[in-house]
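Here is the structure we will look at, set down as structure tokens.
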Amino acid sequence: MEDSKKTRWRAAGLIALGAVLATAVALKTKQYLEGPTAEPKPPADGGGLRIDATDAVLVSKGKALYAQQCAACHGANLEGQPNWRERLPSGRMPAPPHDASGHTWHHPDALLFAITRNGLVPGVTAPRGYESDMPAFAGKLSDNDIVAVLAYIKSTWPEKIAAAQREVTAQAGNRR
Ligand code: HEC
């Protein structure tokens with residue numbers, strides 16, 4: 192090989208090596224910033240999401256979506272499945288009510304959004320290894336639709352319950 196060609200090959204080799212090293216450093220930095228990849232992210236229950244249950248347009252859109260998408264399991268009147276506190280033969284939990292008798296209102300808006308969008312994700316919105324029949328609606332409902340459904344559910348709560356859930360939502364937002 193001529194000398195000038197050798198030099199060019201060597202230069203190309205160094206550039207390639209440089210690129211590989213730069214990528215490795217970038218990946219390591221990303222991993223450092225995001226934490227170890229094997230660990231789940233902290234529960235998505237903080238966030239500043241506030242869903243306005245007094246928006247009449249949003250609520251009426253949500254009411255229709257609830258009937259189509261949620262009522263089959265959570266009940267036409269948000270009453271949940273019968274004996275919803277007892278495990279099914281499968282070992283999984285039935286669908287709980289979304290009315291004042293359930294525990295939906297114990298959760299901040301951001302967590303309700305995350306559960307509806309992604310289902311109960313083990314290590315994120317449920318304990319590790321948790322199995323659930325709650326479907327993820329991400330591919331079925333837009334984020335706006337999910338907000339509308341939750342606005343409808345929230346709009347049905349008596350003021351005392353609604354106020355308690357607003358407080359839970361405000362506190363979750365403040366933790367961030
Ligand atoms: C196929 C049945 C099914 C459908 C349809 C369904 N859910 Fe669920 N959902 C469940 C079950 C079962 C649970 C309880 C999960 C568990 O604890 O394992 C649940 C739990 C939830 C929870 C958590 C409640 C809490 O107090 O922890 C929310 C929020 C929720 N569903 C919202 C919705 C919304 C909104 C819709 C409609 C867009 C919907 N679900 C449609 C079965 C369903």
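Just add 191 to the spot in the sequence shown (first one is 1) and you have this note's numbering.
By construction, the Cβ of each residue, glycine as well, lies at the ideal position given by its N, Cα and C atoms.
Review point. Cβ atoms of I352 and W296: under 9 Å apart, would you say?
Key: Looking up residue 296 in the sequence shown gives position 105. Looking up residue 352 in the sequence shown gives position 161. Contact flag set, yes.
Point to revise | Span of the alpha helix (DSSP H) around L336 | key: Counting from 1 along the sequence shown, the entry for residue 336 is found at position 145. One detail in the question is off: residue 336 reads as Asp in this sequence, not Leu. It spans 334 to 346 - the alpha helix (DSSP H) in which D336 sits, taken as one unbroken run.
**Study point:** Residue span of the alpha helix (DSSP H) that contains F328, given as start and end
**Key:** What you label residue 328 is simply residue 137 of the sequence shown in a count that begins at 1. Premise fails: F328 is in no alpha helix (DSSP H) and is neither H nor E.
Review point. With distances taken between CB atoms, is the gap from L342 to A244 smaller than 9 Å?
Key: For the purposes of this step, residue 342 is taken as residue 151 along the sequence shown, with counting starting at 1. For the purposes of this step, residue 244 is taken as residue 53 along the sequence shown, with counting starting at 1. Residue identity check: residue 342 is Ala in the sequence provided, not Leu. Yes, these two residues count as a Cβ contact at 9 Å.
**Study point:** Contact test: L249 Cβ vs the ligand COA heavy atom, cutoff 8 Å
**Key:** The ligand content of the structure shown is limited to the ligand HEC, which means the ligand COA is not among them.
**Study point:** Residues sharing a beta bridge with A317, DSSP
**Key:** Counted from its first residue, the sequence shown places residue 317 at position 126. A317 pairs with P313.
Point to revise | Spatial distance of V248 from K254 (CA atoms) | key: By 1-based counting over the sequence shown, the position of residue 248 is 57. By 1-based counting over the sequence shown, the position of residue 254 is 63. So the two alpha carbons sit approximately 10 Å from each other.
Review point. Is P299 near the ligand HEC, judged by its Cβ being under 8 Å from some heavy atom?
Key: Walking along the sequence shown from the start, residue 299 turns up at place 108. Answer for P299: no, Cβ out of range of the ligand HEC.
Check your understanding: According to the Cβ coordinates, are G266 and H294 closer than 9 Å?
Key -> Position 75 of the sequence shown, counted from the first residue, corresponds to residue 266. Position 103 of the sequence shown, counted from the first residue, corresponds to residue 294. Cβ atoms of G266 and H294: not closer than 9 Å.
Exercise for review: Would you grab the beta carbon distance between T360 and R241 for me? Rounded to a whole angstrom, and I think it's under 8 Å.
Suggested key: Taking the sequence shown and counting its residues from 1, the one referred to as residue 360 is at position 169. Taking the sequence shown and counting its residues from 1, the one referred to as residue 241 is at position 50. Right, their Cβ atoms sit about 6 Å apart.
**Study point:** C-alpha distance - P307 paired with T198, whole-angstrom precision
**Key:** Stepping through the sequence shown from its first residue, residue 307 is reached at position 116. Stepping through the sequence shown from its first residue, residue 198 is reached at position 7. It is worth fixing the name first, because residue 307 is Thr in this sequence and not Pro. Rounded to whole angstroms, T307 to T198 spans 60 Å at the Cα level.
Review point. Is Q260 near K331, with beta carbons less than 9 Å apart?
Key: As a position in the sequence shown, residue 260 is number 69, starting the count at 1. As a position in the sequence shown, residue 331 is number 140, starting the count at 1. Against a cut-off of 9 Å, the Cβ pair of K331 and Q260 comes out as a contact.
Practice item. Report back the beta-carbon spacing between A329 and N309 to the nearest angstrom; my notes put them in contact at under 8 Å. Key: In the sequence shown, counting from the first residue as 1, residue 329 sits at position 138. In the sequence shown, counting from the first residue as 1, residue 309 sits at position 118. Right, the Cβ-Cβ distance comes to about 6 Å (below 8 Å), so this counts as a contact.
**Study point:** Cut-off 7 Å between Cβ atoms - residues of its own chain near P313, not counting five sequence neighbours on either side
**Key:** Sequence index remark: in the sequence shown, residue 313 carries index 122 (1-based). Here the set comprises R319, G320, Y321.
Exercise for review: Could you say which of L302, M325, P299, S292 lies nearest to R283 if we only look at CA atoms?
Suggested key: What you label residue 283 is simply residue 92 of the sequence shown in a count that begins at 1. Out of L302, M325, P299, S292, M325 has the C-alpha closest to the C-alpha of R283.
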